[in-house]
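Have a look at the structure below, then the notes.
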Amino acid sequence: MGNVLLDITMSLDGYIALPDDQVGTIHDWFFTGDTTSRYNEQFKTSGRSTEVLDEEFTTTGALVVGKRTYDLTNGWEGNHPVHGVPVFVVTHDVPEKVPQGATPFTFVTDGIESAIKQAQSAAGDKIVVVMGGASLAQQCLKAGLLDEIQIHLASVLLGEGVRLFEHLVAEQIELETTRVVEAPGVTHLRFRIVR
Amino acid sequence: MGKIISGHTMSLDGFIAGPNDDVRRLFKWYSSGDTAFPVPGTDMVFKVSKASAEVIGENWASIGAVVTGRRDFDVSHAWGGTPPYGWPTFIVTHNPPQEWVKPGAPFTFVTDGVESALEQAKRAAGDKHVVVGGTTIVQQCLKAGLLDEIHIDLASMLLGDGIHLFDLLDTLVELELTEAIKATDVTHLTFRVVK
């Protein structure tokens, strides 16, 4: 069974978005590079970001996301950039209308453990990626549901915004750094959660 | 001429100290390696990984003076009276502790502000760098465009609570990564501040 990976872009000062949920320049590493992704031409990466992004496309078996992120992106208009991979949305309310496209959405109303379990079934041997937002990430951390964390550390201090690691009072979580990849504008850090 | 740099060990969730200024877990990397690193000018001998020993050997030898705040000075108990490498240390405070004001002490208490402390530190450092500690001072320097580099020893852990390095910034600061070195329990990151 594949690992459960929290995978998200964060500024050096710990923010995954500005206060208004815009991402400013921190997602530039996905879109402003010189090499168009062979998996999705929306993405243009530079340097070793290309191999990191390729890996995302080839190893992701299922995605788990919070309702807020789903709403902010409008369900990616039915087509999440990782084509065809099932997306499990953790929510209290199932939306009446779901944008129709290539992405199969499952709305999970009975909690994060259920969402992760269903995602693992769907993913087979591949990785379950928890892609955000901050609230879901924190809940998964507190519930001990994550095996790995990958932070794409953007070379910027945003000064304010939505903090990824918050409300974890008294959590002391040991990590082991498994990979450090330097790339233009971003450093890709991968950690295993030590139990 | 030397640069003005900041240098901190910081957890992945952005803390440079745990609750109640506890730094025992944060500095795990000082003693979890296999290479002895005697800290010049002190009785301390760290045991770090070989990669860390090279990084700190090079970086710390390039420091000529320290500027920090009163809180940092108090919390570290004035480093027992002898700063590492005998660095001349300038403490920004309105209220110098009289017991430390003695001839020959490596500490200078600066009561007329951060910029004065930086000027004095630059003179003391000669060609070497001035390192700035203390979260308030670092953020002040960043906002005033006075910092040239940010050095983060990124500790592989989530502390959950403590003192944030970057929480009062309210300013966007562009950075450029110049070095990322993976080591045991820590990743050494160096950023140039883009001005």
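Chains as they are written, first to last, in our numbering: chain Y, 18 to 212; chain F, 2 to 196. Just so it is clear, CB atoms sit at the ideal spot from N, CA and C, and this is done for glycine as well.
Let me make sure I understand the geometry here. Which of F:188, F:192, F:196 and F:112 has the alpha-carbon closest to that of residue 55 of chain F? Comparing Cα positions, the closest option is F:188.
Would you report the Cα separation of residue 5 of chain F and residue 143 of chain F, rounded to the nearest angstrom? In a straight line, the C-alpha of residue 5 of chain F is about 10 Å away from that of residue 143 of chain F.
Can you tell me which of Y:63, Y:87 and Y:181 puts its alpha carbon nearest to the alpha carbon of residue 120 of chain Y? Scanning Y:63, Y:87 and Y:181 for the CA closest to the CA of residue 120 of chain Y turns up Y:87.
If contact means a Cβ-Cβ distance below 9 Å, which residues of the segment 107-125 of chain F contact chain Y? Nothing from the segment 107-125 of chain F brings a Cβ to less than 9 Å from some Cβ of chain Y.
Report the residues of the segment 67-89 of chain Y with a CB closer than 8 Å to any CB of chain F, ordered along the chain. For chain F, none of the residues of the segment 67-89 of chain Y brings a beta carbon within less than 8 Å of one of its beta carbons.
Whose C-alpha, out of F:169, F:125, F:71 and F:149, is nearest the C-alpha of residue 94 of chain F? Cα-wise, what sits closest to residue 94 of chain F is F:71.
Residue 161 of chain F, buried or exposed, once every other Cβ within 10 Å from all chains shown has been counted against 16: Result: buried.
Residue 55 of chain Y classed as buried or exposed, judged by whether at least 16 other C-beta atoms fall within 10 angstroms: In this structure residue 55 of chain Y is exposed. Its beta-carbon is surrounded by fewer than 16 other beta-carbon atoms within 10 angstroms.
Proximity test, Cβ basis, 8 Å: residue 1 of chain F and chain Y: The requested residue 1 of chain F is not part of the displayed model; chain F covers only 2 to 196.
Shortest alpha-carbon distance to residue 52 of chain F belongs to which of F:31, F:65, F:67 and F:64? With distances taken between CA atoms, residue 52 of chain F lies nearest to F:31 out of F:31, F:65, F:67 and F:64.
Stretch pair the segment 132-141 of chain F + the segment 166-178 of chain F: three plus CB contacts closer than 8 Å: A contact exists between the segment 132-141 of chain F and the segment 166-178 of chain F.
Mapping the DSSP letters down to three states, classify residue 117 of chain Y as helix, strand or coil. If DSSP states are grouped into helix, strand and coil, residue 117 of chain Y belongs with coil.
Is the beta carbon of residue 106 of chain Y less than 8 Å from the beta carbon of residue 122 of chain Y? Yes. Within cutoff.
So which of Y:125, Y:169 and Y:163 has the shortest CA-CA distance to residue 104 of chain Y? With distances taken between CA atoms, residue 104 of chain Y lies nearest to Y:125 out of Y:125, Y:169 and Y:163.
Give the single residue among Y:20, Y:64 and Y:59 whose Cα lies nearest to the Cα of residue 202 of chain Y. Residue Y:64 is the option with its Cα nearest to residue 202 of chain Y.
Check the DSSP bridge columns for residue 67 of chain Y and list the partner residues they point to. In the DSSP output, where bridge partners are listed per residue, residue 67 of chain Y has none listed.
Does the distance from the CB of residue 43 of chain F to the CB of residue 85 of chain F come in under 8 Å? Yes; because the gap between Cβ atoms is below 8 Å, this pair is in contact.
Closer than 6 Å by C-beta to residue 38 of chain F: which residues in its own chain qualify, once you throw out the five before and the five after it? Chain order, please. Excluding residues within five positions, the ones whose Cβ falls inside 6 Å are 47, 49 and 54.
Would you verify that the beta carbon of residue 232 of chain Y is, or is not, closer than 8 Å to some beta carbon of chain F? Nothing about residue 232 of chain Y can be read from this structure; chain Y reaches only from 18 to 212.
Cross-chain neighbours of residue 177 of chain F in chain Y, by beta carbon under 7 Å: In chain order: 172.
Reference residue 38 of chain Y, options Y:171, Y:90 and Y:211, closest by Cα: When each option's Cα is compared against that of residue 38 of chain Y, the closest is Y:90.
Using DSSP bridges, identify the partner residues of residue 39 of chain F. Looking at the DSSP assignment, residue 39 of chain F forms a beta bridge with F:46.
CB of residue 102 of chain Y within 8 Å of CB of residue 118 of chain Y, strictly: In this structure, the beta-carbon distance from residue 102 of chain Y to residue 118 of chain Y does not fall below 8 Å.
Residue 182 of chain Y and residue 15 of chain F: beta carbons closer than 8 Å? Cβ atoms of residue 182 of chain Y and residue 15 of chain F: closer than 8 Å.
Determine, using beta-carbon pairs with one atom in the segment 126-138 of chain F and one in the segment 189-196 of chain Y, whether at least three such pairs fall under 8 Å. With a cut-off of 8 Å, the segment 189-196 of chain Y and the segment 126-138 of chain F do not count as touching, because too few Cβ pairs lie within range.
Go ahead and pull the three-state DSSP assignment for residue 15 of chain F. Secondary structure of residue 15 of chain F (DSSP, three-state): coil.
Compute the beta-carbon to beta-carbon distance between residue 175 of chain Y and residue 30 of chain Y, rounded to the nearest angstrom, for a pair I have assumed lies under 8 Å. A Cβ-Cβ separation of about 6 Å places residue 175 of chain Y in contact with residue 30 of chain Y under the 8 Å criterion.
With 16 as the cutoff for other CB atoms within 10 Å, does residue 110 of chain Y come out buried or exposed? By the beta-carbon neighbour count (other beta carbons within 10 angstroms, threshold 16), residue 110 of chain Y is exposed.
Output yes if chain Y places a C-beta closer than 8 Å to the C-beta of residue 18 of chain F; else output no. So, not an interface residue.
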